[in-house]
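Visitor: The structure follows.
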Amino acid sequence: ESDDEAGAVLAKFGVGSPGKPQEQFNGEFKWDGFQQVHTITEQNQQLMAMLGEKDAEIERLQDVIVATEPIPGLDPDRLLDLRMGTETIDADARDLKIMELA
971 ESDDEAGAVL
981 AKFGVGSPGK
991 PQEQFNGEFK
1001 WDGFQQVHTI
1011 TEQNQQLMAM
1021 LGEKDAEIER
1031 LQDVIVATEP
1041 IPGLDPDRLL
1051 DLRMGTETID
1061 ADARDLKIME
1071 LA
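This note's numbering numbers the first residue of the sequence shown as 971 and each following residue consecutively.
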C-alpha cells in the first residue's frame, strides 16, 4: 500500500517512478542570463569586502571610544596642573604616582 501512496505522490508532482527511466531533455537551453548572474556575483563579492572593511573600522572606533573614556575618579584638570607644575602643594599622592608612571 505504501508503494501505491508513493506512486500517487510522484504522479501528482509529475515525477516518474523510481523504477522507470526518466525522459531525456530534448529541448534547447538558453545561456543568455548567465552574464547577469556573473555581474551580480562580482558586485556581491565587492559589497561583502566593503562590509568587512566597515566592520573592522567599527571595531577600531569602538576601541578608540573605550580608550578615550574618562577614568572614574580622575580629575584631568588636577593632573594637568601637576604636569605643568602649577600645583604641587595640595597634590594627592595618588595623582603624583600617576604622573610619575606616565
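All residues carry an ideal CB built from backbone N, CA and C; glycine is no exception.
Between aspartate 1045 and the rest of its own chain, which residues show a CB-CB distance below 7 Å, the 5 nearest in sequence each way excluded?
Guide: none
Visitor: Who are the Cβ neighbours of methionine 1020 in its own chain at under 8 Å, not counting the five residues just before and after it?
Guide: Excluding five sequence positions before and after methionine 1020, none of the CB atoms of its chain fall closer than 8 Å to its own CB.
Visitor: Cα separation between alanine 976 and asparagine 996?
Guide: 27 Å
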